[in-house]
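Residue numbers (this note's numbering): 114 to 248. In this text, a Cβ means the ideal position worked out from N, Cα and C, and glycines have one as well.
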Amino acid sequence: MTKRILILDDDRDFSDMVAARCRKLGADVATAHTPLEAMELLGQRMPDLICLDVNMPTENGLNICEYLGSSPHTKHVPVVILTGRADGQTVRRCNELRAAYVHKSPSFWSRLRPVIVELMDLHVWEADELALGTQ
114 MTKRILILDD
124 DRDFSDMVAA
134 RCRKLGADVA
144 TAHTPLEAME
154 LLGQRMPDLI
164 CLDVNMPTEN
174 GLNICEYLGS
184 SPHTKHVPVV
194 ILTGRADGQT
204 VRRCNELRAA
214 YVHKSPSFWS
224 RLRPVIVELM
234 DLHVWEADEL
244 ALGTQ
């Protein structure tokens, strides 16, 4: 089964680039450029992984991540925070929210790719464990 990734980033060029690279990994990718678009996409089909930007005009990605983690419908979906922020407070907040942190830099893909692969594999393993009732 093809894995689905939702990318929420107001930077269309960046989200298109990330989406293209994720598609090369074999993922089905949807992009949203506003939190409202993301919520509409979440209502249509649940992703296996969500990638969020922190700095967006209408909302902070960390707040969205907190909401996703508190919702029974999305709390099981792994989140990757993609941000240009490299400060300790942002990294700590990502850790508190149990989200992976990837700094947007020229070499971001070398750090993002293994995180995506690992989280998607981990998500499949957790779903299999729940289906088998072994937890």
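Problem set entry | Residue range of the unbroken beta strand (DSSP E) whose run includes T196 | If you number the sequence shown from 1, residue 196 lands on position 83. Run containing T196: V192 to T196, per the beta strand (DSSP E) assignment.
For this session: Using the Cα positions of C135 and D126, report the straight-line distance between them to the nearest angstrom.
Result: For the purposes of this step, residue 135 is identified with residue 22 of the sequence shown, where counting begins at 1. For the purposes of this step, residue 126 is identified with residue 13 of the sequence shown, where counting begins at 1. Each residue's alpha carbon lies about 14 angstroms from the other.
Problem set entry | Beta-carbon gap between I229 and L121 smaller than 8 angstroms | For the purposes of this step, residue 229 is taken as the residue at position 116 of the sequence shown. For the purposes of this step, residue 121 is taken as the residue at position 8 of the sequence shown. The answer is no: Cβ separation not under 8 angstroms.
Exercise. Is it true that the CB of R117 sits closer than 8 angstroms to the CB of A140?
Worked result: The residue given as residue 140 occupies position 27 in the sequence shown. The residue given as residue 117 occupies position 4 in the sequence shown. Contact: yes.
For this session: Rounded to whole angstroms, what's the CA-CA distance from M130 to D124? Just pull it up for me.
Result: By one-based count along the sequence shown, residue 130 stands at place 17. By one-based count along the sequence shown, residue 124 stands at place 11. Distance between the alpha carbons of M130 and D124 is about 10 angstroms.
Exercise. DSSP three-state call for R158: helix, strand or coil?
Worked result: In the sequence shown, the residue the question calls residue 158 occupies position 45. The answer is coil: DSSP assigns R158 none of H, G, I, E or B.
For this session: Return yes when the Cβ of P191 is within less than 8 angstroms of the Cβ of L155, no when it is not.
Result: Position 42 of the sequence shown holds residue 155. Position 78 of the sequence shown holds residue 191. Their beta carbons are not under 8 angstroms apart, which means L155 does not touch P191 by this criterion.
For this session: Would you mind giving the Cβ-Cβ distance between P148 and E172, rounded to the nearest angstrom? I have them listed as a contact below 8 angstroms.
Result: The sequence position of residue 148 within the sequence shown is 35, counting from 1. The sequence position of residue 172 within the sequence shown is 59, counting from 1. Here P148 really is in contact with E172; their C-beta atoms are around 5 angstroms apart, less than 8 angstroms.
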